[in-house]
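There are 2 protein chains.
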Amino acid sequence: MELNKKRSNCPLSCSLDVFGDKWSLLIIRDLMFGNKCTYNDFLKSDEGIATNILASRLKGLEENGIIEKLAHPDSKAKKMYRLTPKGIDLLPVIMEVYIWSEKYYEMPADLKATIQEARKDKEKFVKQITKELKIKIKEKKSDS
Amino acid sequence: MELNKKRSNCPLSCSLDVFGDKWSLLIIRDLMFGNKCTYNDFLKSDEGIATNILASRLKGLEENGIIEKLAHPDSKAKKMYRLTPKGIDLLPVIMEVYIWSEKYYEMPADLKATIQEARKDKEKFVKQITKELKIKIKEKKSDS
DNA sequence: TAAATTTGCTTGCAAAATGCAAGTGCAAAT
DNA sequence: ATTTGCACTTGCATTTTGCAAGCAAATTTA
Numbered sequence: 001m002e003l004n005k006k007r008s009n010c011p012l013s014c015s016l017d018v019f020g021d022k023w024s025l026l027i028i029r030d031l032m033f034g035n036k037c038t039y040n041d042f043l044k045s046d047e048g049i050a051t052n053i054l055a056s057r058l059k060g061l062e063e064n065g066i067i068e069k070l071a072h073p074d075s076k077a078k079k080m081y082r083l084t085p086k087g088i089d090l091l092p093v094i095m096e097v098y099i100w101s102e103k104y105y106e107m108p109a110d111l112k113a114t115i116q117e118a119r120k121d122k123e124k125f126v127k128q129i130t131k132e133l134k135i136k137i138k139e140k141k142s143d144s
Numbered sequence: 001m002e003l004n005k006k007r008s009n010c011p012l013s014c015s016l017d018v019f020g021d022k023w024s025l026l027i028i029r030d031l032m033f034g035n036k037c038t039y040n041d042f043l044k045s046d047e048g049i050a051t052n053i054l055a056s057r058l059k060g061l062e063e064n065g066i067i068e069k070l071a072h073p074d075s076k077a078k079k080m081y082r083l084t085p086k087g088i089d090l091l092p093v094i095m096e097v098y099i100w101s102e103k104y105y106e107m108p109a110d111l112k113a114t115i116q117e118a119r120k121d122k123e124k125f126v127k128q129i130t131k132e133l134k135i136k137i138k139e140k141k142s143d144s
């Protein structure tokens, strides 16, 4: 995992250097919609990420300011991962991927309905989820 | 490059199986905004993709219906690659990545201005570019 | 309190993907 | 007729991935 490998000055290319792989956005998805926040939570996701890859991706996302690693309020044995505002701001990107896939791929009916609902008023959806994710940040801050 | 490797039924995961790598979206970017359409065009992009990787990505994108490979109108020696409607529909995804990166990374002033302009009325921007890309399809169809 | 389990990793190794340089075959230009 | 351009393919070294196992600290169970 090289850090300073900037392939070009194109912001799309730079963004892909951060999350352009098969796993990073899935971790972010789990943090956004999956109510997951620990290493083991991510491991349990359907895609079956390998332990070493998960560790390296979490490290990379943290180094790039997308997520942060915190003490878990429930136990010293646990760590808690959380999206930063920068990570939360990736919501529109992920939403558009979902909207695209809803057009071209099959998926469970309930998810399809959710996406179609979100598509009707994207801004509202983004604001709603963003609000919920930022509340999570505040909750944990006042807990500690 | 395995084709039928579907890691899960999550549409985000399936989408990443198609374009979740460091190069595919850059090729799509070149087709959308770079006025590029040949193998050599893509090779010349700043990021410096390797020839074999480019070939494998073009193949993958074609197999997944994102791009199509056509005879070039100018010469038999050339091939022309073009976005399909499915590929054109990735514009909102790429646009949101640009918008995200505009918030967090530095970039040339003119590009920054373009992104800020697009962000003011996303729908308008998407419709405008989509229209231009679809006109390209019709142009070439009537040429042949 | 000792043993087993959970948690979040790291390590070793084989397999796959990537990057680089060189080579190939066809078309077009000189 | 020869050189150049285009779109690749091939070979090989390096890097990344995937899988299984191991490990230390914290927690739970007996």
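Residue numbers (the UniProt record's numbering), protein chains in the order written: chain H, 1 to 144; chain F, 1 to 144.
Where a beta carbon is used, it is the ideal one built from N, C-alpha and C, also for glycine.
Bridge partners - residue i, DSSP secondary structure assignment
i       : result
Arg82/F : Glu68/F
Ser75/F : His72/F
Contact check, residue i vs residue j, beta carbons under 8 Å
i             : j       : result
Pro11/H       : Tyr81/F : no
Leu91/H       : Leu31/H : no
residue 157/F : Leu25/F : Only positions 1 to 144 of chain F appear in this structure, which leaves residue 157/F out of reach.
Ile67/F       : Leu61/F : yes
Lys5/H        : Asp17/H : yes
Glu123/F      : Glu96/H : no
Ile28/H       : Gly87/H : yes
Glu106/H      : Ser8/F  : no
Buried or exposed by the 16-neighbour rule on C-beta atoms within 10 Å, applied to residue i
i        : result
Cys14/F  : buried
Leu133/H : buried
Ser144/F : With a pLDDT of only 38 at Ser144/F, under the threshold of 50, the placement of this residue in the model should not be trusted, and no figure is reported.
Ile94/H  : buried
Glu2/F   : Annotation note: pLDDT 48 at Glu2/F (below 50); position unreliable, no value reported.
Gln116/F : exposed
Ser45/H  : buried
Glu63/H  : exposed
Gly65/H  : exposed
Asp89/F  : buried
Lys127/H : exposed
Asp121/F : exposed
Candidates the options, of which the one nearest residue i by Cα
i             : options                               : result
residue 146/H : Lys131/H, Lys22/H, Lys5/H             : The requested residue 146/H is not part of the displayed model; chain H covers only 1 to 144.
Arg119/F      : Lys138/F, Lys59/F, Glu102/F           : Glu102/F
Ser75/F       : Thr38/F, Asn9/F, Ala113/F             : Thr38/F
Ile49/H       : Ile129/H, Asp21/H, Ile135/H, Trp100/H : Asp21/H
Glu139/H      : Ser56/H, His72/H, Thr114/H            : His72/H
Arg57/F       : Lys69/F, Asp110/F, Phe125/F, Trp23/F  : Trp23/F
Lys78/F       : Arg7/F, Gly87/F, Glu63/F, Asn40/F     : Asn40/F
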